[in-house]
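In what follows, a structure is listed as structure tokens, so that the remarks can point back to it.
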Amino acid sequence: MSEERRVRVLVAKPGLDGHDRGAKVIASAFRDAGFEVIYTGLHQTPEMIVSAAVQEDVDVVAMSVLSGAHMTLFPRVKELLGQAGADNVLVTGGGIIPKDDVKELEDMGIGRLFGPGTSTKESIAYVKEWFAIHAVSR
Amino acid sequence: MTIREKDVPNISEVVKALSERDQEISDLKAKLLKWESTYERANKRKAVFNSGSGTEISPLYTDLDRAEADPGLLGLPGNYPYTRGPYATMYRSKLWTMRQFAGFATAEDTNARYKYLLDHGQTGLSVAFDFPTLMGFDSDHSRSLGEVGVCGVAVSSTLDMEELFEGIPLDKVSVSMTINGPAIILFCFYIAAAEKQGVDTRVLRGTIQNDILKEYQAQHAWIFPPNPALRCIVDMFDWCSENTPKYNPISISGYHIREAGATAVEELAFTLANGFEYVEKGLESGLDIDSFAPQLSFFFDVHNDFFEEIAKLRAARRIWARRMRKVYGAKNPASWRLRTHCQTAGVSLTAQQAENNIVRVAYQAMAASLGGTQSLHTNSMDETLALPTEKAARIALRTQQILAYESGIPNTIDPLAGSFYVETLTDNIEREAEIIFDEIETLGGVVPGIESGWFQQKIAHSAMRQQNEIESGERTVVGVNQFTEGSESIEIDTLKIDKEVEKRQIAKIVALKKSRDESKVSECLSALHQACRTDENLVPKILECARSYCTLFEIRDVMQEVFGSYKEPVFF
Amino acid sequence: MDESRLTSTSMNEVLERFKAGKPAALSRGISIVENQRDGFEAFLHAAMQTKLQGRRIGLTGPPGAGKSSLVALLTEFYISQGERVGVLAVDPTSPQTGGALLGDRIRMNDIAIDENVFIRSMATRGSLGGLAATTKEILDLMDCFGFDRLLAETVGVGQTEFEIARAVDTVVVVLVPESGDSIQAMKAGLMEIADIFIVNKADRPGSDKLVKEVRQAIHLRSGHNFKGFAGHHGPVIEVHDTAELNELDDELGWEPLVLKTNALTGEGIQELTQAIESHEEWIQGSGELQKRRKLRTEVRIREVMHRELVNRSIASRTVNKILTKRVEAVLSGHATPYSVAMELVDQFLEKDQ
Ligand SMILES: Nc1nc2c(ncn2[C@@H]2O[C@H](COP(=O)(O)OP(=O)(O)O)[C@@H](O)[C@H]2O)c(=O)[nH]1
Ligand SMILES: [Mg+2]
């Protein structure tokens with residue numbers, strides 16, 4: 091008898107900037123949307139994020155990057171997830187990311203990236219939709 | 250109606266004056282009642298008339314609001330309690346310092362920007378460090394990957410500091426540095442670089458932020474736990490009072506507290522409470538209040554609510570003066586005087602229709618000058634998107650120059666004094682701050698308040714409330730939730746940092762480590778290690794390390810071995 | 053049970069990789085058990101072909117007491133001893149939304165990427181009495197994976213936590229000198245299950261006082277003033293084992309140790325590891341461990357039976373058919389719910405053999 095599967099999300103704050111207002115707001119909003127949210131705190135390295143994503147068997151990794159290091163951090167997390175055999179995990183997030191960079195990251199297989207001022211509802215809807223289509227059974 | 254001292258104290262005249270005053274008040278009360286009934290009946294706009302902090306604003310302020318107020322609350326500029334300004338002559342003698350925060354890529358790149366800014370009439374420098382530096386990592390550390398030189402300049406050793414100020418005379422230009430967790434280390438790099446220029450440290454002017462309490466509360470660039478971190482700060486108070494008397498070893502900052510979501514009142518109260526905490530730590534370690542208090546400086550945010558921001562700065566000065574004098578027993582007026590830097594509110598900038606930000610910044614800057622700031626940074630319009638381009642940075646500076654040279658605002662001191670509204674707001678903010686101080690006291694003080702997450706939760710709640718107000722449309726943000734036409738299309742040029750920067754910076758560290766005297770390095774580091782275990786002042790030890798070109802991370806690492814690292818309490 | 057009952061090939065794959073020691077497979081295996089995906093019991097059966105021998109330590113106590121911080125420090129110690137450590141941290145699900153915010157990893161960043169450490173967060177999901185069983189099964193799965201040491205963190209508030217606590221060898225109850233904790237602990241019955249008491253946040257005022265209070269309470273209890281199990285009882289099966297365990301404890305008389313720690317500085321951690329060790333020595337030397345394991349196994353069998361019987365009876369056509377009919381009989385006063393239930397159980401046990 092299976093219960094309805096919950097969406098599991100890792101909300102991570104990679105890099106050295108300490109602006110976690112966005113990460114916390116989205117973590118709370120995800121919880122209120124009925125997701126199981128694993129929050130890892132500030133100053134995470136891509137290695138820490140991926141190791142947590144694998145151990146927690148999450149569907150989604152959501153990262154907030156405000157330090158300008160998005161072109162390093164998003165691809166690195168994606169790459170490490172692949173190496174760990176977790177390619178089916180959605181990597182998404184938000185932050186101050188210029189348009190050109192968003193395009194480039196999406197071409198690399200990163201999910202949608204949300205800019206400043208996006209409402210949390212939009213991100214929730216996006217994750218739910220992705221989950222309905224892509225989630226693997228676990 | 251005031252009674253002057255030189256007037257003959259004729260009792261009957263005084264009595265007459267007072268009864269005239271009573272008459273005036275009751276007349277006014279009667280008129281006001283009539284006005285109120287007109288107001289009640291009138292059509293009113295559908296809007297929320299609250300201050301930025303959420304307190305209700307009356308449609309009209311009059312003499313009556315402050316009929317009971319003590320005239321001593323105002324005083325004159327440069328006089329206790331400094332409501333009207335910390336200096337007697339204010340902008341008549343010296344305009345505020347126009348100090349634009351800047352830093353990116355390597356020390357050389359930033360050096361070129363500084364020279365450009367100084368050439369364009371900027372009067373002080375303000376260093377923005379990159380995240381690795383703020384967290385105490387060298388550019389070649391694995392944790393620095395992707396962040397070197399991105400949001401500020403990378404400084405990993407005294408060598409970088411020397412390059413940062415190459416050709417800029419440190420005895421002439423005042424320099425402020427935004428650094429907290431490893432502040433004591435960067436400060437020593439700065440001193441060592443100044444020595445290298447042949448400058449006597451006693452003439453150095455400037456400020457280092459060095460405010461760790463607000464890091465725990467809001468900004469999150471910490472390294473050590475509170476107790477050793479506070480010890481480093483007090484060591485700097487002590488050392489600076491002797492060796493760099495014109496330098497501010499701390500800038501007690503509300504800016505980041507506000508940016509994280511606090512209201513104006515919370516910003517004011519938390520910042521001053523942090524200030525009191527530093528004072529108490531200094532006193533506990535045996536320093537004399539008047540030896541270090543004159544060097545304490547402040548840093549506030551100036552946000553959108555124009556009058557509230559002005560009142561906040563005026564109230565801040567009054568509260569500080571009173572506490573320093575009455576509670577901590579300072580005797581030197583310089584200890585009573587709150588001097589502050591201001592920056593326009595980064596969070597108020599919008600990515601949508603970014604040019605509108607120029608206007609927001611201009612109003613905020615005006616509030617800062619009317620509030621009597623000592624120095625000011627005006628944000629560039631593109632700061633929410635990336636590092637400012639040269640053009641955007643120039644417009645931001647020009648905004649200050651227009652204010653200073655065209656608007657006429659600096660012609661007279663504290664021009665809003667006596668405004669029924671501004672004075673009432675000032676009094677109210679002061680009262681509300683006092684309530685918050687009491688609350689903090691019942692928590693057991695600032696550090697227990699941090700450890701239990703009280704500050705963090707207050708800030709988060711206020712942030713949430715504002716977010717909800719914006720999402721519900723109760724609070725208007727032009728271009729975001731109203732008047733959004735044209736919000737999508739606009740593109741502005743933004744400055745991007747080349748990946749080469751990281752490589753250049755790493756190569757530099759490798760070269761440095763090859764060329765320096767390694768035995769000297771390990772000698773200084775182990776002396777520092779020793780000193781961390783005692784209560785010896787750490788500045789001379791770290792300065793020795795800086796002179797020997799130990800790197801930031803090497804020094805931090807030695808200290809961390811003794812001090813441990815701060816573990817963040819997380820609350821939602 | 054036959055492994056062909058594994059329902060999907062992907063589950064077979066997971067199993068293979070699990071046996072090959074891949075952490076990602078352990079992780080997926082935990083999800084399978086947690087979600088009670090079809091065939092999870094067959095999966096557990098196939099995975100549990102090795103002897104369970106990991107040392108199990110449970111930490112329980114009020115939220116914010118410092119459990120996660122202590123888990124991180126203990127883990128750091130055990131890996132420095134060359135052990136492999138599995139951590140299971142359980143936090144409550146929000147009853148309003150069904151979501152959960154699991155923040156235990158925040159405290160465990162220092163150990164998070166050590167290859168000898170595996171950390172899993174779990175939400176209680178408010179499943180009816182099933183949480184304890186699931187948690188225990190996940191601990192078993194982690195045990196089979198080959199960890200030397202298993203650390204389970206739970207919030208000490210309800211019956212379920214007692215059950216989980218009973219699934220470990222050593223129960224550490226973490227208290228803090230905040231108001232009324234010792235009284236809370238006694239009310240919640242934590243006194244009954246603790247092998248070791250930790251008064252954490254020793255840097256806060258009141259910690260010595262709390263240590264004293266806890267010691268007093270222990271002495272009162274060993275004077276048999278508190279004998280028996282006070283508290284709310286769950287399903288029959290759980291009452292059974294709890295009562296029995298209490299008896300064991302009383303006979304053998306391990307006096308709970310009371311220690312002070314400061315998880316921010318690490319003070320007292322060495323003493324804690326020593327206390328755990330001496331409890332382990334005692335539990336082994338006295339034969340208590342054998343007894344606990346035996347009992348644990350018995351309880352496990354009963355629980356699985358319980359779950360299986362419930363599931364089968366719900367699915368049983370015979371039961372459902374008769375049930376629908378007999379409801380009318382109850383409504384018309386010709387039978388009572390009790391007579392019908394007994395009838396159904398008898399029928400079910402006979403027919404569905
Ligand atoms: N002052 C102090 N704070 C502590 C101590 N141990 C933990 N904390 C803090 O208490 C909070 C809760 O700790 P955590 O380990 O998450 O508690 P849990 O909810 O029981 O897992 C965190 O902010 C810790 O940093 C301690 O010994 N002293
Ligand atoms: Mg915990």
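Residue numbers (the numbering used here), protein chains in the order written: chain H, 91 to 228; chain X, 250 to 821; chain B, 53 to 405.
For glycine and all other residues, C-beta sits at the position ideal for the given N, C-alpha and C.
It should be emphasised that the depicted structure is a prediction, and the values quoted were computed from it without experimental measurement.
Distance check for Met63/B and Arg95/H, CA to CA, integer angstroms please. 16 Å
Is there a Cβ of chain H sitting closer than 8 Å to that of His823/X, yes or no? There is no way to answer for residue 823/X, as the model of chain X reaches only from 250 to 821.
Return yes when the C-beta of Glu126/H is under 7 Å from any heavy atom of ligand 2, and no when it is not. no
List the residues of chain B that Lys816/X touches, going by C-beta distances under 8 Å, in chain order. Ser121, Arg159, Leu316
Should Lys816/X be listed as close to ligand 2, given that the test is whether its C-beta is under 7 Å from any heavy atom? no
In whole angstroms, give me the CA-to-CA distance for Arg315/X and Gly334/X. 20 Å
Residue range of the unbroken beta strand (DSSP E) whose run includes Cys591/X: 589-593
Tell whether a beta-carbon distance below 8 Å holds between Ile662/X and Ala564/X. no
Applying a beta-carbon distance threshold of less than 7 Å, which residues of chain H neighbour Glu469/X? Per the sequence shown, the amino acid found at residue 469/X is His instead of Glu. Within chain H, the residues near His469/X are Gly108, Asp110, Leu132.
Run through the stretch 407-470 of chain X for me and flag every whole beta strand (DSSP E) of 3 or more residues, listed as ranges in chain order. 423-427, 455-457
Any contact between the stretch 283-302 of chain X and the stretch 315-333 of chain X? By contact I mean 3 or more CB pairs, one from each, below 8 Å. no
Helix, strand or coil for Leu801/X? Go by DSSP, reduced to three states. helix
Should Leu394/X be flagged as near chain H, meaning a C-beta pair shorter than 8 Å? yes
Per-residue contacts from Gly155/B into chain X (C-beta, under 7 Å): Val819
Below 7 Å, is the gap between the Cβ of Ala141/B and the nearest heavy atom of ligand 2? yes
Under the DSSP definition of a beta bridge, which residues are partnered with His224/H? Note: His224/H sits in no beta bridge, so no partner.
Compute the Euclidean distance between the alpha carbons of Glu700/X and Arg108/B, then round it to the nearest angstrom. 31 Å
Within 10 Å of its beta-carbon, does Arg362/X have 16 or more other beta-carbons around it, so buried, or fewer, so exposed? buried
Find out if the Cβ-Cβ distance for the pair Asp260/B, Leu316/B is shorter than 8 Å. no
Would you kindly check if the distance between the Cβ of Val123/B and the Cβ of Leu203/B is under 8 Å? yes
Contact criterion: CB-CB distance below 8 Å. Does Glu720/X meet it with respect to chain H? yes
For Gly138/B, does the three-state DSSP call read helix, strand or coil? strand
Work out the CA separation of Ile335/B and Glu244/B for me, nearest whole Å. 17 Å
Is the CB of Gly124/H under 8 Å away from at least one CB in chain B? yes
Contacts of Gly205/H in chain X (Cβ-Cβ under 7 Å): Ala600
For Ser768/X, count the other beta carbons within 10 Å of its own beta carbon; 16 or more makes it buried, fewer makes it exposed. Which is it? exposed
Taking the beta strand (DSSP E) that Leu347/B belongs to, which residues open and close that run? No beta strand (DSSP E) contains Leu347/B, which is instead part of the alpha helix (DSSP H) from 340-367.
Under 7 Å: does the beta carbon of Asp260/B sit that close to some heavy atom of ligand 1? no
Which partner residues of Ser546/X appear in the DSSP bridge assignment? Ser500/X
Please report how far the alpha carbon of Thr410/X lies from the alpha carbon of Glu194/H, in whole angstroms. In the sequence under discussion, the amino acid at residue 410/X is Met, which differs from the Thr named in the question. Roughly 35 Å between the two C-alpha positions.
Buried or exposed for Asp190/H, going by 16 or more other Cβ atoms inside 10 Å? exposed
Hey, Val452/X and Asp420/X are a contact pair by Cβ (cut 8 Å); roughly how many whole angstroms apart? 5 Å
Under three-state DSSP, which class holds Ala377/X? strand
Which residue spans inside the stretch 725-771 of chain X form an unbroken beta strand (DSSP E) run of at least 3? none
To which residues of the same chain is Pro389/B closer than 8 Å at the C-beta, ignoring the five residues directly before and after it? Val382
Spell out the partners DSSP gives Glu319/B in its beta bridges. Asn314/B
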